Amino acid sequence: MQDLIEVLGLIEVLEAEGIATKGLNFEAFYDDLSSSGENPILQKEIEKRVHEYFYGMSLPSKPTIYDYLILSLREKDIIATFNWDPFLLMAYQRNMHITKPPRICFLHGNVAIGVCEKDRTCGNMGHRCSKCGELFCLQNCYIL
Ligand SMILES: [Zn+2]
2 MQDLIEVLGL
12 IEVLEAEGIA
22 TKGLNFEAFY
32 DDLSSSGENP
42 ILQKEIEKRV
52 HEYFYGMSLP
62 SKPTIYDYLI
72 LSLREKDIIA
82 TFNWDPFLLM
92 AYQRNMHITK
102 PPRICFLHGN
112 VAIGVCEKDR
122 TCGNMGHRCS
132 KCGELFCLQN
142 CYIL
């Protein structure tokens with residue numbers, strides 16, 4: 002995860018806040034930051050950079066380990082993941098016509114999924130809630 006801090010250009014941002022980045026456990030740090038609510042501006046900046054980075058990723062056209070995972074499980078199974086990247090969701094969506102996919106629980110959220118808190122629904126970012134018509138927003142935990 003140290004690479005992620007560098008890739009996202011967060012070293013300067015974090016150090017400007019007095020946070021030592023060498024050996025920093027990014028996931029634990031972010032968990033503490035979001036749980037405490039101490040620095041919402043820093044939290045939003047990190048979330049923005051993480052979202053932009055992961056949202057731009059895509060799967061290759063050939064089968065991947067994500068496709069094999071989706072295809073190897075049953076509808077009654079569940080995948081619980083901490084992955085923020087959209088790969089598992091992409092594999093889910095491109096294989097759902099082949100099989101009844103397992104449920105997926107994005108324990109720390111996912112850059113490709115948003116929620117409507119009012120109606121307690123979720124869907125792809127950029128899409129609208131079928132009940133109220135509002136755009137889905139980022140949230141911390143999703144279950145498909
Ligand atoms: Zn809604």
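Note that this note's numbering has the sequence shown beginning at 2, numbered continuously upward. By construction, the Cβ of each residue, glycine as well, lies at the ideal position given by its N, Cα and C atoms. Just so it is clear, the structure is predicted and the values come from calculations on it, not from any experiment.
Report whether the distance from the Cβ of residue i to the nearest heavy atom of ligand 1 is below 7 Å.
i	result
Lys-49	no
Cys-117	yes
Glu-76	no
Asp-68	no
Cys-138	no
Asp-4	no
Cys-1	Here the chain has residues from 2 to 145 only, and residue 1 is not among them.
Lys-132	yes
Asp-120	yes
Glu-39	no
Glu-53	no
From which residue to which residue does the alpha helix (DSSP H) around residue i run?
i	result
Asn-96	88-96
Val-116	Per DSSP, Val-116 belongs to no alpha helix (DSSP H); it is in the beta strand (DSSP E), 114-117.
Ile-12	12-17
Ile-99	Looking at the DSSP string, Ile-99 is not in any alpha helix (DSSP H), and its letter there is neither H nor E.
Ser-148	There is simply no residue 148 to check, as the chain begins at 2 and stops at 145 in what is shown.
Tell me which residues share the same chain as residue i and place their Cβ nearer than 8 Å to its Cβ, disregarding the 5 neighbours each side in the sequence.
i	result
Cys-142	Below a pLDDT of 50, predicted positions are generally treated as unreliable, and Cys-142, at 47, falls in that range; the measurement from the model is reported next regardless. Cys-106, Phe-107, Leu-108, His-109 and Gly-110.
Taking the continuous beta strand (DSSP E) assigned at residue i, which residues delimit it?
i	result
Phe-107	104-107
With a threshold of 6 Å on Cβ separation, who are the neighbours of residue i within its own chain once the five nearest residues in sequence on each side are excluded?
i	result
Ser-59	none
Name the one or two DSSP bridge partners that residue i has.
i	result
Arg-129	Leu-136
Ala-81	Cys-106
Gly-38	Beta-bridge pairing links Gly-38 to no other residue.
Gly-57	Answer is none; Gly-57 lacks a bridge partner.
Thr-122	Cys-117
Excluding the five sequence neighbours on either side, which residues of its own chain have a C-beta within less than 7 Å of the C-beta of residue i, listed in chain order?
i	result
Tyr-54	Val-8 and Leu-9
I'd like to know if the stretch 61-78 and the stretch 97-106 are in contact, where contact means that at least 3 CB-CB pairs between them fall below 8 Å. yes
Under 8 Å, with one C-beta from each stretch per pair, do the stretch 32-45 and the stretch 61-68 reach the 3-pair mark? no
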